[in-house]
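So the structure is just underneath, and the comments pick up after that.
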Amino acid sequence: MNRRYREILNSILNTEGCITGAELAKHCDVSVRTIREDVKGLNELLKGHNIQIDAIIKKGYCLNEESKRLIKQHSIMKSVLDHEDIMGAPDSPLDRQMYILAKLTGGNRFHVDELADALHVSQSTINKDVASVKKWLKTKPKTDLQSSLNDGISLKADENTRRNIISWILGARLNTSTISKYWQYLFGEKEIGQSTAALYRIVRAKTNENGYYLSGHSSQSFCLEILAAAKRQQAGHTVSEAPGSALSKVMAGIREAAEVFLGVPLPDAAWQLLQQQFEAKQFLFGTDTARLVDQETITVVDDFLGTIADKFNIRLDLHEEAREKLLLYVGPMLRRVRFSYCLPNPINESNIKTRQLEYKLAKEMATIIKRELGLPIGRIEIVYLTVLLESMNKFWKQKLRTAIVSDFDESVNSLLRENVAARFGDSLSIARLYTYQDFMYAPEEALAETDFVISTSTIAAITDIAFVVVHPIMGKKDFDSISDCLEKLKMFKR
């Protein structure tokens, strides 16, 4: 069973009438023949629920109204398809790699030929998956695989590292079916939803009570880390050594309530490791930064604020809210980088370079951290820093004070004002309207606070202020000219 079944059934369910095999094949990136085989498999799986996908010649695949009703009424997507997906053999490269990693983390050894037979793929496919796992281990938890002709492949890692790897596996995608699937790979159990929900309530209550406000993903990830620690403890695996810091009030409270719920007492070292993971999570604004920020973080953030003030004329140092948000993000981030902890369910990074200025600022932060602390900041952390900085651009995006120079009558001048305000109101503030002669002879002090000029005739010979010439009845070319000029002006000022 694979997740493609879900995609096929979901597409048919949400299509009025029929959907062709070619359309499904394109959507799932497989052949029409594969779709035919998948539909047969789906019908076999669903026949016990009196549901059938009909194949109509020259029209495609569809469900009758009764089948649609039964799918929705009995939550077939979750009760049947997710169950099959969780319990079935991994069939995508990512799932196979997570399966291999999970089994190795649990202490298993395997030979490539045996694993290939178990997963119904070729040995070359398994070799590629193992190579991907090996590469990932070297860059994330910074460990490696051991390979022996007689003993097969195994993981070279202590218990602290193994628990970190488990956190990475479970944090890859925080949706119910994926967590259940990877938990099954790790511990041979499918149902963890109720335990996670109960722990979530404990963690949220104790953290909020003590002034910590975790993001939802961080709360979920931390609950899974507690559950995994309990499972490893029950299996006889103990943390080799404690990080060394005493438990905070919030962690002591979570420990007391969690151990009562789980019925599994964990040693001090396990909770100290969990505390270290907790302090590397993402926290929401309103959390007291004094609880998470040390002098190292303060130095990095203040150095960053000074750098962007000097290089970009961006004065975030004048805004305490901006500084607090940076401290709140950077403190835990430095711990994540130092201990190779994961960011659960990371955001999509594909469009981040469109935020050109904020991306440059984030790279400045990464440069400072590398120079001062010797810590390389990975791309995903730079993505989050970019997004954080974009959320703060209200502190530096000031409207340009703009003058309009026109010798036309009120009808044209009013239209100029309206067009500029409508199109560029977020960037420009119209300060005054001048005639050409008034502008030419205006005293310097009157123009001192003018940043930009929009004129219906050239004023190159009479001012050094940035300007653009437009037609009195503005069109697309005029709007484009203003946009281009504003972009150049903003980059120059920075």
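Each residue of the sequence shown is one higher than the one before, counting from 1 in the UniProt record's numbering.
Glycine is no exception: its CB is placed at the ideal position from the N, C-alpha and C atoms.
Predicted model, so just to flag it, every value in this text is computed and none were measured.
Option nearest T307 by Cα separation, candidates E241, Y434, F408, E364: Among E241, Y434, F408, E364, the Cα nearest to that of T307 is on E364.
Per DSSP, the bridge partner or partners of S154: In the DSSP output, where bridge partners are listed per residue, S154 has Q146.
Entirely enclosed beta strand (DSSP E) segments - the region 386 to 435, minimum 3 residues: DSSP runs (the beta strand (DSSP E)) wholly in the region 386 to 435: 400 to 405, 428 to 434.
Cutoff 7 Å; reference R423; Cβ partners in own chain excluding five residues on either side: F479.
Segment contact, 8 Å Cβ cut-off, at least three pairs: the region 260 to 267 with the region 294 to 302: Output reads no: the region 294 to 302 does not touch the region 260 to 267.
Alpha-carbon spacing of N43 relative to I51, whole angstroms: Whole-angstrom Cα-Cα distance: 7 Å.
Uninterrupted beta strand (DSSP E) stretches inside the region 436 to 476 (no shorter than 3 residues): Fully enclosed beta strand (DSSP E) runs of 3 or longer: 452 to 455, 467 to 469.
Which listed residue (A246, K311, L170) has its alpha carbon closest to that of L101: With distances taken between Cα atoms, L101 lies closest to L170.
Neighbourhood of S218 by C-beta distance below 7 Å, restricted to the same chain and skipping five residues each side: Result list for S218: K281, Q282, P344, in chain order.
Chain B within 8 Å of Y182, Cβ atoms only: The chain inventory of the structure shown lacks chain B, comprising one protein chain alone.
Simplified DSSP assignment, three categories, for C62: Note: C62 maps to strand in three-state DSSP.
Counted within 10 angstroms of its Cβ, other Cβ atoms place P90 as buried (16 or more) or exposed: Its Cβ being crowded by 16 or more others within 10 Å, P90 is buried.
Assumed close pair I35, G21 - CB separation to whole angstroms, cut-off 8 Å: That belief holds up - the Cβ atoms of I35 and G21 are roughly 5 Å apart, short of 8 Å.
Exposed unless 16 or more other CB atoms sit within 10 angstroms - verdict on Q276: Flag for Q276 reads buried.
L273 and N160 closer than 8 Å at C-beta: Yes, the Cβ-Cβ distance between L273 and N160 is below 8 Å.
Nearest-angstrom Cβ-Cβ length linking L375 and V337, presumed shorter than 8 Å: Yes, they are in contact, since the Cβ atoms of L375 and V337 sit about 5 Å apart, within 8 Å.
C-beta contact flag for T287 and L247 at 8 Å: For T287 and L247, no; Cβs fall outside 8 Å.
Own chain residues within Cβ distance below 6 Å of R315, not counting five before or after: Apart from sequence neighbours up to five positions away, the residues of its chain that approach R315 with a beta-carbon distance below 6 Å are A309, ordered along the chain.
DSSP-derived helix/strand/coil call for A198: Note: A198 maps to helix in three-state DSSP.
Rounded C-alpha distance that separates F408 from Y434: One C-alpha to the other measures close to 10 Å.
Exposed unless 16 or more other CB atoms sit within 10 angstroms - verdict on T289: Buried: at least 16 other Cβ atoms inside 10 Å.
Three-state class that DSSP yields for T15 in the structure shown: The answer is coil: DSSP assigns T15 none of H, G, I, E or B.
Inter-residue spacing [alpha-carbon to alpha-carbon] between F395 and A55: Roughly 59 Å separates the two Cα atoms.
Opening and closing residue of the beta strand (DSSP E) in which D54 lies: Per DSSP, the continuous beta strand (DSSP E) segment holding D54 begins and ends at 54 to 56.
Option in Y359, S406, G236, Q398 with minimal Cα separation from E381: Nearest option by C-alpha distance: Y359.
Own chain partners of V383 with C-beta closer than 7 Å, once the 5 adjacent residues on each side are dropped: Exclusion of the five residues before and after V383 leaves I347, E349, I352 as the residues of its chain whose Cβ lies within less than 7 Å of its Cβ.
Same chain only: Cβ atoms within 8 Å of N413, ignoring 5 sequence neighbours per side: Cβ within range, chain order: I404, S406, L433.
E241 and D303 closer than 8 Å at C-beta: Taking 8 Å as the cut-off, the Cβ atoms of E241 and D303 do not count as close.
Cβ neighbour criterion (16 or more within 10 Å) applied to L385: By the 10 Å Cβ count, L385 comes out buried.
7 Å Cβ shell around V32 - same chain, five flanking residues per side excluded: The beta carbon of V32 sits closer than 7 Å to those of G21, A22, A25, all from its chain and outside the five residues before and after it, given in chain order.
Contacting residues, own chain, Cβ-Cβ under 8 Å from Q234 (five flanking each side not counted): Within the same chain, and ignoring the five residues on either side of Q234 in sequence, the residues whose Cβ sits closer than 8 Å to its Cβ are V264.
DSSP three-state assignment for T307, whether helix, strand or coil: T307 falls in the helix class under three-state DSSP.
Residue environment, Q97, which counts as buried when at least 16 other CB atoms sit within 10 Å: Here Q97 is buried, its C-beta having at least 16 other C-beta atoms within 10 Å.
Enclosing alpha helix (DSSP H) for K363 [first to last residue]: First-last of the alpha helix (DSSP H) with K363: 356 to 373.
Rounded C-alpha distance that separates L489 from I482: Rounded to whole angstroms, L489 to I482 spans 10 Å at the Cα level.
Simplified DSSP state of T214, which is helix, strand or coil: For clarity, residue 214 is Leu in the given sequence; the question names Thr instead. The answer is strand: DSSP assigns L214 an E or B state.
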